[in-house]
Amino acid sequence: MSYENKARRIRADLSKYTTASVVNELLNALHDKTPIEHEGMRRAWLLCLALDWTLELQPTQEAIKIDRASMDKILNKIWNLQSYASDISAESYELPLRAMMIQQLEFQRPKSEHLLFMFRLHNILFRSGKTETLVQDFESITGLKLIDYFALAIWTHHIFINKQTSVIPYENIIEELYPGYSIDQLSKFFKNLGGTLPELKRLYEKPSDRKLFKYEYFCEPASLKRPFLFLPKGLSTPHSYVLSKGVCEFVLRRLKSSDPERFKNKFTVAFEEYVSDILKNLNPSIMRETEIQAIYASKNVSGKCVDFLLHEGNNIILIDAKCAEPQPNVLSSDNPLHIADRIKANMLKGVQQVGETIKNLEKLDYANLPDIDHRYSVIVTHQDFYIRNLSKLTAYLGEDKSMKYNDSTSGSINQEKLMFISIDHFEAIAIICKAANRSISDFISFVVDAEKSHITECFAMIQYIEKYAKSVGVKRSFRESSHLRSSLESGRENLGHALNTSKNYWRNKNSDEGIRAFIRAYYELKSELLQAQPNLLV
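Read in order, the letters of the sequence shown are residues 0 to 537 in numbering that gives the first Met the number 0.
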């Protein structure tokens, strides 16, 4: 039986039960804090897929409340569906295995990494003269100032993640955040990120007979778009991963979805400057694109070139900044054709720029161009594509889909030395190299050597980074740069001011006046969020 037919049968089983009862069972399982040997054994991604399907489907007219035993049976069926979704065979196992690994790794990533992503985005967006229009766009789209969003996101992350709570009572929100933030500000923040069960149901509902694709099994949860669930007693979330990533990536996703081209044009420049700052801190003698083009012009050579060129002893590194994020099915698909089509605008373009830059430097007899064994390259992306290097990419894509990549680099650079590294990992590598007085080419060589054996080969770039840090004796944190600390301090300062305003407000209220003010604010916020609609989760 095909994946689609199997999935339809399971979805039909889900439709026999009321939405509210299924959601309750799933939330209870997702919020379970019972000690367990390994977090992965909770199979949270499986529960989130069941939640996505539940909100997407319309229950039958005869739907009844589900019990725990029936829920477990359905979840086991979804678990067994994995073998149909992955389709692993001896001839083709790498891409299906990649999709499975990414899904599980994403759920198990430290939530602090999501915060660091948000602080980095904060730093990039607030760079003077680069992205003011994006900051203004966010306010016009959401009704919130961007600085207020970041501050409230820090508070929310702290409450849900650090305190490990599953529900924030409305009274706690009022006590800590009002009137430092107005009811209107609080309402807009939470409404942009969530809704009541009926609202989420309307948002996610799709035709029951729609086409079901295998890659959807491994996709990120749909609830990342709206990580909050408004309950009568307070705010909840399906899972800490959903809350953490959903809140921390909301700004990026919202700006991109509003006007993709406008965002890309504005953000690209600021992203490149951020990469430049990382490189300057490591090695002030970097060569920018304009300087490379000047060398071209001096010898009447024209053509593409990378953003940065860096000499490290006898080695040369070509670095290109691509402020690219993978589309969801790039991470979840096992189809080389789908992946190739969706990465060519960024990955292929970057590889071609690296290859053409080297060929142009050879053409003009650039004196400082070493032989092929001493050439390295990094294409820096905004988020991780889980590809690692060009050698791995061409293996994933197969011979037919790799021709343009092979043609672009043939004789110019060894494919295993052309790396695809996300900005967070690139920044960590630079911090380690500076602390240990090492070079980026040294790190790349470390990875190349490790990948020669299945015993030392790693799946994720962060695993190589952690091993490299240990090998060169860097024990301190290598995830937080001065840029990130600056953004963190800025966000905490804004939040701290609001928290102190609220604290002083309630402290200075006499008992009767304070109680009346508190009750008014409590019911106003609750009314705004629940909008007098019957919430099915009681």
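For each residue, glycine too, the CB sits at the ideal point set by N, CA and C.
Among the residues of its own chain, which have a CB less than 7 Å from the CB of residue i, if the five just before and after it don't count?
i: isoleucine 158; result: Thr164, Ile167
i: alanine 323; result: Asn345, Thr380, His381
i: tyrosine 467; result: Ile431, Phe442, Phe445
i: phenylalanine 541; result: Outside the shown range of the chain (0 to 537) lies residue 541, about which nothing can therefore be said.
i: asparagine 313; result: Pro369, His373
i: glutamate 55; result: Tyr203, Glu204, Lys205
i: phenylalanine 517; result: Ile173
i: lysine 5; result: Leu80, Tyr83
i: glutamate 271; result: Asp306, Ala320
i: lysine 244; result: His113, Leu223
Are residue i and residue j touching if we call contact CB-CB under 9 Å?
i: histidine 310; j: cysteine 47; result: no
i: isoleucine 412; j: leucine 317; result: yes
i: histidine 543; j: histidine 156; result: One cannot answer for residue 543 here, as it falls past the ends of the chain, which runs 0 to 537.
i: aspartate 306; j: alanine 320; result: yes
i: serine 501; j: leucine 234; result: no
i: isoleucine 153; j: glycine 490; result: yes
i: serine 440; j: tyrosine 385; result: no
i: leucine 524; j: threonine 195; result: no
i: alanine 43; j: tyrosine 240; result: yes
i: aspartate 51; j: alanine 221; result: yes
i: serine 111; j: proline 95; result: no
i: glutamate 215; j: methionine 117; result: no
i: proline 325; j: aspartate 383; result: yes
i: tyrosine 404; j: glutamate 170; result: no
i: proline 226; j: leucine 251; result: no
i: arginine 7; j: histidine 482; result: no
i: valine 377; j: isoleucine 420; result: yes
i: isoleucine 338; j: valine 329; result: yes
i: arginine 253; j: threonine 132; result: no
Would you kindly work out how many angstroms separate the C-alpha atoms of residue i and residue j, rounded to a whole number?
i: methionine 40; j: isoleucine 428; result: 31 Å
i: asparagine 264; j: serine 331; result: 27 Å
i: glycine 302; j: phenylalanine 425; result: 27 Å
i: lysine 210; j: serine 284; result: 54 Å
i: lysine 433; j: serine 470; result: 14 Å
i: cysteine 457; j: phenylalanine 217; result: 21 Å
i: leucine 45; j: lysine 224; result: 18 Å
i: asparagine 75; j: serine 1; result: 18 Å
i: proline 533; j: leucine 417; result: Because proline 533 sits at a pLDDT of 43, beneath the cut-off of 50, its placement in the model cannot be relied upon, and the following sentence gives the value as read from the coordinates. Going by the C-alpha atoms only, they are around 56 Å apart.
i: methionine 460; j: isoleucine 173; result: 42 Å
i: valine 402; j: leucine 389; result: Per the sequence shown, the amino acid found at residue 402 is methionine instead of valine. Taking the straight line joining both Cα atoms gives about 12 Å.
i: leucine 26; j: leucine 228; result: 11 Å
i: glycine 513; j: tryptophan 505; result: 7 Å
i: serine 486; j: valine 134; result: 15 Å
i: proline 557; j: aspartate 423; result: Here the chain comprises residues numbered 0 to 537, so residue 557 is not present and cannot be evaluated.
i: isoleucine 342; j: threonine 59; result: 41 Å
i: serine 186; j: proline 335; result: 44 Å
i: leucine 162; j: aspartate 31; result: The question names leucine, yet the displayed sequence has lysine at residue 162. Between lysine 162 and aspartate 31, the C-alpha separation is close to 15 Å.
i: leucine 192; j: leucine 199; result: 11 Å
i: threonine 236; j: leucine 29; result: 9 Å
i: glutamate 105; j: serine 82; result: 20 Å
i: lysine 213; j: threonine 53; result: 18 Å
i: proline 327; j: serine 510; result: 52 Å
i: tyrosine 550; j: glutamate 488; result: The shown model of the chain, from 0 to 537, leaves out residue 550, and the question about it has no answer.
i: valine 537; j: serine 20; result: With a pLDDT of 31 at valine 537, under the threshold of 50, the modelled position of this residue cannot be trusted; read the value that follows with caution. For valine 537 and serine 20, the distance between alpha carbons rounds to 10 Å.
i: serine 452; j: glutamate 219; result: 31 Å
i: aspartate 136; j: threonine 267; result: 16 Å
i: isoleucine 73; j: aspartate 12; result: 7 Å
i: glutamate 479; j: aspartate 399; result: 41 Å
i: arginine 10; j: threonine 18; result: 12 Å
i: arginine 201; j: serine 14; result: 16 Å
i: threonine 33; j: alanine 49; result: 21 Å
Below 8 Å CB to CB, which residues in the same chain sit around residue i once its five sequence neighbours on both sides are set aside?
i: isoleucine 35; result: Arg41
i: glutamate 93; result: Ala394, Tyr395
i: cysteine 304; result: Glu288, Ile291, Gln292, Tyr295, Gln352, Glu355, Thr356, Asn359
i: isoleucine 87; result: Pro95, Leu96
i: alanine 449; result: Thr455, Glu456, Cys457, Tyr463, Lys466
Leaving out five residues before and five after residue i in sequence, what residues of the same chain have Cβ atoms less than 6 Å from its Cβ?
i: leucine 360; result: Leu368
i: methionine 70; result: Glu24
i: alanine 531; result: For alanine 531, the predicted structure reports a pLDDT of 45, less than 50, and the residue's modelled location is therefore unreliable. A value from the coordinates is still provided. Hits under 6 Å: none found.
Between residue i and chain C, is there a C-beta pair that is closer than 9 Å?
i: isoleucine 182; result: Here there is only one protein chain, and chain C is not present.
Is the region 347 to 357 touching the region 455 to 474, taking contact as three or more C-beta pairs under 8 Å?
no
Quick one: which unbroken beta strand (DSSP E) runs of 3-plus residues sit fully inside the region 162 to 246? Chain order, please.
166 to 168, 227 to 229, 233 to 235
With three or more beta-carbon pairs closer than 8 Å as the criterion, would you say the region 120 to 139 touches the region 192 to 212?
no
Please confirm if the region 136 to 156 is in contact with the region 454 to 465, defined as three or more CB-CB distances below 8 Å between the two stretches.
no
Taking 8 Å as the cut-off, does the region 266 to 285 touch the region 52 to 69 (at least 3 CB pairs, one atom from each stretch)?
no
Would you list, in sequence order, the uninterrupted beta strand (DSSP E) runs of no fewer than 3 residues that lie entirely inside the region 74 to 119?
none
Give the list of continuous beta strand (DSSP E) stretches no shorter than 3 residues that lie fully inside the region 275 to 363.
307 to 311, 314 to 321
May I have a chain-ordered list of the alpha helix (DSSP H) segments no shorter than 4 residues that lie completely inside the region 388 to 461?
389 to 400, 402 to 408, 422 to 435, 439 to 449
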